[in-house]
């Protein structure tokens, strides 16, 4: 079981990404009304198939790790990891660029307090990831200042609220559904990541980190890649927010590498014998 569980989870993740990304790319390219966000035309079958498949894979990625008795109750995030160090630096850069872009938007376009806070906490999260990169390079633990690890959690909450409030009408919800779901999963992933860094021990840290990490990767890719593909092959009925897409893709890759580092690398101590 120690060797089977990672393989099963990765197979489910890969199958979910391939099947849902293909369906959503088709729907985004052919039948999204840019004025309402609703699907138009006779495309109910692929729409229902996408919703059902998404639900199935979300449940599988959540339930299997949470119900597994092979996960130990607690273990720290690896102290020294150059792959995570590199991705932490990239995440810091992308978050910093995103935060600056939010501030420019506040100055040039609107005076939204939500956009200001979104940018402020994005910059604070960039500082956190840069600080984490320094610790990962040196191989030192971060639990002495573990409260700082909650900054990405606060940013995820603010980003979710701000994005949701920007949907001015109820008919915008269908187009924003996957973005909303992926921000919720990232919020919970960062929360369990912070608990792990803080050495909190109640038996659920690793299960939560694995479940919501995999879910963040799945929903992060599902909410961004179809838009990129549709835009690249000539879809004119969508507006792509490249700042948000690049940010979510980088964080998705970070979560994936985190999962490999903590759970799937050979000789890991997280999977109990």
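In the working numbering, the protein residues as written are 23 to 295. Think of the CB as a built atom: it goes at the ideal place given N, C-alpha and C, for glycine as much as any other residue.
| message | Does residue 54 come out as helix, strand or coil in the three-state DSSP assignment? | response | Note: residue 54 maps to strand in three-state DSSP.
| For residue 103, three-class secondary structure by DSSP | Residue 103 falls in the coil class under three-state DSSP.
| Do you know offhand how far residue 162's Cα is from residue 102's? | Cα to Cα, the separation comes out at about 7 Å.
| request: Give a yes or no on whether the C-beta atoms belonging to residue 47 and residue 267 are separated by under 8 Å. | output: No, they are not a contact pair.
| request: Answer yes if the segment 103–116 comes into contact with the segment 145–154, meaning at least three C-beta pairs across the two stretches below 8 Å, and no otherwise. | output: Taking 8 Å as the limit for Cβ pairs, the verdict is that the segment 103–116 does touch the segment 145–154.
| Which value, in whole angstroms, describes the spacing of the CA atoms of residue 145 and residue 52? | In this structure, the alpha-carbon of residue 145 lies about 37 Å from that of residue 52.
| query | From this set, 276, 137 and 284, which residue's C-alpha is nearest residue 107's C-alpha? | reply | A check of alpha carbon separations from residue 107 across 276, 137 and 284 identifies 276 as the nearest.
| Using a Cβ-Cβ cut-off of 7 Å (strictly less than) and excluding sequence neighbours within five positions of residue 140, which residues of its own chain qualify? | The answer, listed in chain order, is 124, 180, 181 and 184.
| said: The alpha helix (DSSP H) that contains residue 240, what's its start and end? | reply: Per DSSP, residue 240 belongs to the alpha helix (DSSP H) from 227–254.
| request: In the DSSP assignment, find the alpha helix (DSSP H) that holds residue 76 and state where it starts and stops. | output: Looking at the DSSP string, the run of the alpha helix (DSSP H) that includes residue 76 is 66–89.
| task | Buried or exposed for residue 237, please, with buried defined as at least 16 other CB atoms from any protein chain shown within 10 angstroms of its CB. | result | Classification of residue 237: buried, given that the 10 Å Cβ count is 16 or more.
| query | Buried or exposed: where does residue 281 fall if 16 or more other Cβ atoms within 10 Å of its Cβ makes it buried? | reply | By the neighbour-count rule (16 or more Cβ atoms within 10 Å), residue 281 is buried.
| field | Separation of residue 232 from residue 89, as counted between CA atoms | value | When rounded, the distance between both Cα atoms is 12 Å.
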